[in-house]
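A.B. asks: My questions all concern the structure below.
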Amino acid sequence: MENAIDSQTTSVVTSASGHRQVTAALQVFAGGACYGAMATTYKLAYAAGYTSAQVVASQAWFGCLFFILATVVRLLRGGRLSRLGGAQVFKLMGLGALTCTTSILYCYAMSVLPAPVALTLLFQFTGMGLVWQTIMMRRAPRLLEIASAALIVFGTVFASGVYRTGLAGYNPVALVCALGAAVTCSLFVTLSGKVKVDCSNEQRGVVVCLGAGLMSLTVCPDYLFSGVVFQGILPFAAIAGFFGLTCPVLLFGLGSPHLPAGLSTVMAAAELPAGLLIAMIVLGEPLGIAEWLGVVVILAGVCLAQVPGFLARHREEV
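Here is the structure:
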């Protein structure tokens, strides 16, 4: 009788864990999809005459503003702030500095390189996540994890259109910046699941975005006092802050702790399909058969990454 009860209890706990992982994967997928709005927002901001440094600073500080507003609402509804130690604050601000570094490098690359080239190099972060997972967990990536990352990288070449242009002849500094953005992006997604603090998501977001804001001042030191916010950049700042920082910080913070590092970066690959669809709708950029094929391959890679978890849950239910 006791064995039956123990078995049933274990089954319920395992099932709940499996469902939590599915939810976590969807949260990280949604966080990656939010990044999809960035390429179009950057292009529109550049066309309006704003610099990449101004866009980066706007993204960081407006992301912080949205989290501050969310924190105020929570306090008005009876919530409380938690006391964080210096080490915890440092780690959270470090996360913010990482994601801001990604924006700095990627924005610069986007302003110099054709968008397909910058996107293709940025999307190497999917494979880099497996590298960080190998280092942190001290185990080699599984075959399905490698196959999933390879599918996403392969699909990116077609979805971004870089198969037509190649990488030769472009500014080497911009190419290095795009690859650097891939490194910092993979680290941000990976470490979002490792930095755990006992506070609300809103308070956590404020500290992370404060780190991003301070980092943005290294490239745009006069942002807070230049008045650029009142000179037309406000719509771009609000969109970049919300979709480029607030939503990803919140969603990665919720989902990444429940996923392996490699799976987190793979799920975040939703950025490119979402970005292409947004560019098609907002900018009127056409998508050919090859680009659509690339999108399908990327999504297939994302689905492939979920196969081990699906099979494990199926065995548990049986």
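Every number in the numbering used here is 489 more than the matching position in the sequence shown, counting from 1. Ideal Cβ placement from N, Cα and C applies to all residues, glycine included.
1) Just to confirm my understanding: we take Leu699, look at its own chain, exclude 5 residues before and 5 after, and list those with CB closer than 8 Å. What are they?
2) What would DSSP say about Gly783, mapped onto helix, strand or coil?
3) Sort Glu774, Arg509 and Leu533 by Cα distance to Pro723 and report the nearest one.
4) Would you check if there are 3 or more beta carbon pairs closer than 8 Å linking the stretch 590–606 to the stretch 531–545?
5) Do you know whose CA, among Phe677, Cys523 and Gln548, lies nearest Pro746's CA?
6) At a cut of 8 Å, does the stretch 652–667 reach the stretch 604–618 through at least three beta carbon pairs?
7) Let me make sure I understand the geometry here. Which of Leu766, Arg566, Val561 and Leu610 has the alpha-carbon closest to that of Cys674?
8) Just mark Gly733 as buried or exposed, buried being the case when its beta carbon has 16 or more other beta carbons within 10 Å.
9) Between Val697 and the rest of its own chain, which residues show a CB-CB distance below 6 Å, the 5 nearest in sequence each way excluded?
10) In chain order, what residues of the same chain lie with their CB nearer than 6 Å to the CB of Ile593, ignoring the 5 residues before and after it?
11) Out of Ala519, Met527, Gln510 and Ala663, which one is the CA nearest neighbour of Ala729?
12) Report back the beta-carbon spacing between Val755 and Ser681 to the nearest angstrom; my notes put them in contact at under 8 Å.
13) Report yes or no: do the stretch 624–631 and the stretch 655–664 share at least 3 C-beta pairs separated by less than 8 Å?
14) Out of Ala513, Gly616, Leu713 and Leu748, state which residue places its alpha-carbon closest to the alpha-carbon of Gly790.
15) Quick check on the burial criterion: 16 or more other C-beta atoms within 10 angstroms. Buried or exposed for Ile624?
16) Please report the straight-line C-alpha distance between His803 and Val646, rounded to a whole angstrom.
17) Would you mind listing the alpha helix (DSSP H) stretches within the stretch 513–552 that are 4+ residues and don't spill past its ends, in chain order?
18) Where does Arg631 fall in DSSP's three states?
19) Could you give the DSSP three-state label for Ile453: helix, strand or coil?
20) Consult DSSP for Glu491 and reduce its assignment to one of helix, strand or coil.
21) Sorted by chain position, which residues of the same chain lie with C-beta nearer than 7 Å to Gly618's C-beta, five sequence neighbours on each side aside?
22) Buried or exposed: where does Gly783 fall if 16 or more other Cβ atoms within 10 Å of its Cβ makes it buried?
23) Within the same chain, show all residues whose beta-carbon is closer than 6 Å to that of Tyr539, passing over the 5 residues directly before and after it, in chain order.
24) Would you identify the three-state DSSP class for Asn660, choosing helix, strand or coil?
25) Quick check: Gly520 and Leu748, are their CB atoms within less than 7 Å of each other?
26) For Thr654, collect the residues of the same chain with a Cβ closer than 8 Å to its Cβ; drop the 5 residues on either side in sequence, then sort them by chain order.
27) Can you find the residues in the same chain that come closer than 8 Å, C-beta to C-beta, to Phe725, ignoring five residues on each side of it along the sequence?
28) Given a cut-off of 7 Å on the beta-carbon distance, is the pair Gln692 and Thr560 in contact?
29) Assign Gly694 to one of two classes, buried (16 or more other C-beta atoms within 10 Å of its C-beta) or exposed (fewer than that).
30) When DSSP labels each residue in this structure, what does Ile722 get in the three-state scheme?
31) Go through its chain and collect everything with a Cβ distance to Val672's Cβ below 8 Å, but skip five positions before and after it.
32) Considering just the uninterrupted stretch of the alpha helix (DSSP H) at Arg566, what are its terminal residues?
33) What distance in whole Å lies between the Cβ atoms of Leu564 and Ser649, which are believed to be in contact at a cut-off of 8 Å?
34) Does the distance from the C-beta atom of Ile778 to that of Ile641 stay below 7 Å?
C.D. replies: Let's see:
1) Cys553, Met582 and Gly585
2) helix
3) Checking the sequence shown, residue 723 turns out to be Leu, not Pro. Of the candidates Glu774, Arg509 and Leu533, the one whose C-alpha sits nearest the C-alpha of Leu723 is Leu533.
4) yes
5) Phe677
6) yes
7) Leu610
8) buried
9) Leu581, Leu584, Gly585 and Val738
10) Val545 and Val708
11) Met527
12) Between Ser681 and Val755 the Cβ distance is about 14 Å, and since that is not below 8 Å, they are no contact.
13) no
14) Gly616
15) exposed
16) For His803, the predicted structure reports a pLDDT of 49, less than 50, and the residue's modelled location is therefore unreliable. The matter cannot be settled from this model.
17) 526–536
18) coil
19) Since the first residue of the chain shown is 490 and the last is 807, residue 453 is not available in this structure.
20) For Glu491, the predicted model reports a pLDDT of 47, less than 50, meaning its position is unreliable; a value from the coordinates is still stated below. It is helical.
21) Ser675, Val678, Thr679, Ala750, Gly751, Ser753, Thr754 and Val755
22) buried
23) Ile722
24) coil
25) no
26) Pro603, Pro605 and Val606
27) Thr530, Leu533, Ala534, Ala537, Tyr539, Val544 and Ser547
28) yes
29) buried
30) coil
31) Phe614 and Met617
32) Looking at the DSSP string, Arg566 is not in any alpha helix (DSSP H), and its letter there is neither H nor E.
33) Contact flag wrong, Cβ pair sits at about 43 Å.
34) no
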